[in-house]
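Numbering-wise (the numbering used here), the sequence shown opens with residue 17 and increments by one.
The C-beta atom is built at its ideal place from N, Cα and C for all residues, glycine as well.
None of the values given here were measured: they were computed from a predicted structure.
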Amino acid sequence: MKHAYSAAVAMLGLLLITPTVSGWAQVTSATQPVTGITMATKRVAEGQVTAVDLGARTVTVMLSNGRSVSGAVSEGVGGLDLVKVGDRVEATFEERLSFVLSAPGTATPANRAIGGLATSRADQMPAGYMAAYAVSTWMVVGTDVANNTISLVDPAGGQVLTFDVRTAEGRTSLPRVKAGDKLTAVRAEFLFARIVRKP
Numbered sequence: 017m018k019h020a021y022s023a024a025v026a027m028l029g030l031l032l033i034t035p036t037v038s039g040w041a042q043v044t045s046a047t048q049p050v051t052g053i054t055m056a057t058k059r060v061a062e063g064q065v066t067a068v069d070l071g072a073r074t075v076t077v078m079l080s081n082g083r084s085v086s087g088a089v090s091e092g093v094g095g096l097d098l099v100k101v102g103d104r105v106e107a108t109f110e111e112r113l114s115f116v117l118s119a120p121g122t123a124t125p126a127n128r129a130i131g132g133l134a135t136s137r138a139d140q141m142p143a144g145y146m147a148a149y150a151v152s153t154w155m156v157v158g159t160d161v162a163n164n165t166i167s168l169v170d171p172a173g174g175q176v177l178t179f180d181v182r183t184a185e186g187r188t189s190l191p192r193v194k195a196g197d198k199l200t201a202v203r204a205e206f207l208f209a210r211i212v213r214k215p
């Protein structure tokens, strides 16, 4: 499934999300999940401030890979007026995304989403920490093994969404997925980003 860019990442113009598969776990009890997959991401980015526009509250950063990115700094982040060209940007992003497939009739957790954001004061260099946790359960409408896709719908109704199954493990397990199964997605995200004065 596609990942949305974190608002806190965009705050500093850093696009950090690239998933990697960490492993599978399988159980066979009819009252337990049929199968599950977990993807874990950890990205670290560094760069140097090349421009600051206080009026527009934007910062342009040259990342260590040579890519230049710009982003708007939220009004809630203090200390933007302290930033100078040449200051360093440091960011660490972590995400853990799990999908658990359950047979019809299996109890699943309630859908929910919580999050929090802490930011710097006006007398501090800009910094922010974001944490978010979300659980959502979908009903499987069908699969297309030949094209490696799965179609899902909210159990309460709505539009049917179709997603590519991109991992080898997921494609191997796709034939086991049946219409009426439940797919629960659990996402945890953590981001810490800051601008520091270059020594």
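Asked, Found
"I need the boundaries of the alpha helix (DSSP H) containing G144, first residue and last residue.", "Run containing G144: none in the alpha helix (DSSP H); it sits in the beta strand (DSSP E), A143 to D160."
"Let me check understanding here. Comparing Cα to Cα, which of D160, G173, I211 and A172 lies closest to T188?", "D160"
"In the DSSP assignment, the alpha helix (DSSP H) including A184 goes from what residue to what residue?", "A184 to S189"
"Contact check, E110 vs K58 under 8 Å by CB: the rounded distance?", "5 Å"
"State the Cα-Cα distance for the pair I53 and A72, rounded to the nearest angstrom.", "42 Å"
"Under three-state DSSP, which class holds D69?", "strand"
"Which word fits T178, buried or exposed, when buried means at least 16 other C-beta atoms lie within 10 angstroms of its C-beta?", "exposed"
"For A123 and A209, what's the separation of their Cα atoms in angstroms?", "38 Å"
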